[in-house]
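In terms of our numbering, the sequence shown is residues 203 to 528.
Using N, Cα and C, we set each Cβ at its ideal position, and we do this for glycine too.
Bear in mind the structure is a predicted one, so any value in this text is a computation, not a measurement.
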Amino acid sequence: MRHGCLLLSIWSDIMNIILVGRKHGRSRVFTLDSRRLLVVGVFALCFVMAVGWAGYQVAMVKVADRPVVPGFVLSQWQQTLEDQQEQLAVLERDAREQVDAMTLRLGEMQGRLLRLDALGQRFIESGAVASDEFNFDDAPAVGGPEEDAADAESFSTPQLTAMIDGLDQQIRHREQQLRLLDTLISSQRLEDERFVAGRPITWGWLSSKFGYRSDPFTGKRTWHNGVDLAGKEGSEIISVAAGVVTFSGDRRGYGNLVEIDHGEGLVTRYAHAKSLEVETGQVVQKGQVIARMGSTGRSTGPHVHFEVLQSGKAKDPVRYMQRAAR
């Protein structure tokens with residue numbers, strides 16, 4: 203009460219509720235027996251349970267109204283992270299494969315460039331290209347004004363791949379052109395090597411011409427298939443053109459003989475040698491020493507009997523000796 207106090211008095215099965223007022227000390231008494239007390243207690247207990255149940259329902263509704271359960275959010279984040287890691291692994295694998303592919307192509311291109319450099323060096327050595335004009339050992343000189351670094355951009359993978367494709371195509375074209383040029387130069391050089399011209403000796407003189415002459419042993423008029431070039435015994439006898447040695451040995455009347463096939467039916471012979479420097483089947487170059495001058499076979503002194511045959515028919519060697527080398 204607002205202006206009094208509450209006093210409880212319990213006697214046996216009877217409960218007295220005494221309300222004492224602050225004014226004038228007046229009091230009022232309410233008497234509850236055990237039956238009424240039980241009813242009040244049950245009512246109070248039911249009220250408390252109802253209030254508790256209502257509070258529980260309100261709490262459950264609030265929990266149900268939450269947008270996402272915290273555990274579910276964590277699961278979603280974890281799944282998203284795993285998906286991103288898998289995507290990153292795929293990108294890294296693709297990037298490595300692209301780098302490996304470009305590295306392989308660059309290695310192939312470097313190999314072809316080395317061959318091109320070798321061809322260029324051969325051109326220099328053969329005189330087809332001036333050595334002071336090209337230097338295949340140094341990188342080509344390049345330059346230009348410096349651009350603003352802030353505006354510079356790195357090449358993307360597609361751009362870099364396109365550049366490599368273009369460079370690869372250019373190298374293939376240049377390689378084909380240089381190979382063709384090398385073939386032409388090699389063919390020309392081979393023709394020059396096979397061109398019969400010059401004297402078969404480094405020192406000596408013409409001692410007998412081509413055609414009819416007086417035989418040095420019988421004095422009779424006989425046919426001479428070649429020319430005789432006299433000189434010092436042991437001096438060098440050289441090939442007048444490149445070719446293949448078809449005979450190297452002793453032949454009746456010729457003594458020690460070297461026979462060389464220069465192709466296209468052209469054959470040269472070098473007879474009466476003191477010693478032979480080449481063997482049958484050997485490839486010889488123009489100007490290579492093939493024998494030493496001597497007087498073997500039917501001979502009166504150190505000299506070389508030189509013959510030129512075209513399709514088996516003897517030709518005047520002087521015409522070939524007087525040719526200008528090409």
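Whole-angstrom distance between residue j and residue i, CA atom to CA atom
i, j, result
"L316", "Q289", "41 Å"
"A443", "W425", "26 Å"
"R453", "L321", "44 Å"
"Q372", "L362", "15 Å"
"C248", "G254", "10 Å"
"Y414", "L318", "56 Å"
"E287", "R381", "The residue you asked about is not Glu; residue 287 is Gln in the sequence shown. In a straight line, the C-alpha of Q287 is about 51 Å away from that of R381."
"I439", "G467", "22 Å"
"Q300", "E310", "16 Å"
"Q280", "L308", "42 Å"
"Q484", "D430", "25 Å"
"L293", "G368", "26 Å"
"Q312", "E481", "42 Å"
"P418", "Q323", "54 Å"
"V398", "G428", "15 Å"
"E479", "S416", "32 Å"
"I462", "A516", "14 Å"
"D370", "R295", "25 Å"
"Q278", "A291", "20 Å"
"W407", "H505", "9 Å"
"R396", "G499", "29 Å"
"I403", "S409", "13 Å"
"R314", "I366", "14 Å"
"A303", "P360", "13 Å"
"H375", "S497", "58 Å"
"S358", "L283", "28 Å"
"L276", "D285", "14 Å"
"R423", "V520", "21 Å"
"V271", "L306", "Annotation note: pLDDT 49 at V271 (below 50); position unreliable, no value reported."
Which of helix, strand or coil DSSP assigns to residue i
i, result
"R415", "strand"
"H505", "strand"
"F449", "strand"
"D518", "coil"
"Y258", "helix"
"Q371", "helix"
"E438", "strand"
"G483", "coil"
"G322", "helix"
"N496", "Residue identity check: residue 496 is Gly in the sequence provided, not Asn. Looking at G496 - three-state DSSP - the assignment turns out to be strand."
"Q512", "strand"
"S358", "coil"
"Q524", "coil"
"V398", "coil"
"T420", "coil"
"R454", "coil"
"A443", "coil"
Which residues DSSP lists as bridging residue i, in chain order
i, result
"W407", "A432"
"W425", "Y414"
For residue i, the first and last residue of its enclosing beta strand (DSSP E)
i, result
"K488", "First-last for K488: undefined, no H or E at that position."
"N458", "G457 to D463"
"V469", "L468 to L478"
Residue burial classification, residue i (beta-carbon count within 10 angstroms, cutoff 16)
i, result
"M495", "buried"
"K488", "buried"
"M523", "buried"
"N507", "For clarity, residue 507 is His in the given sequence; the question names Asn instead. With 16 or more other Cβ atoms within 10 Å, it is buried."
"T448", "exposed"
"G503", "exposed"
"E187", "Given a span of 203 to 528 for the chain in the structure shown, any question on residue 187 remains unanswerable."
"Y472", "buried"
"G257", "exposed"
"G433", "buried"
"G421", "exposed"
"L459", "buried"
"A364", "exposed"
"H464", "buried"
"G445", "buried"
"V491", "exposed"
"F245", "exposed"
"T470", "buried"
"V486", "buried"
Heavy atom of the ligand MG within 6 Å of residue i beta-carbon
i, result
"G514", "Absence of the ligand MG is noted for the structure shown, with no ligands found whatsoever."
Residue i at chain D interface by Cβ criterion, 7 Å
i, result
"Y258", "The chain inventory of the structure shown lacks chain D, comprising one protein chain alone."
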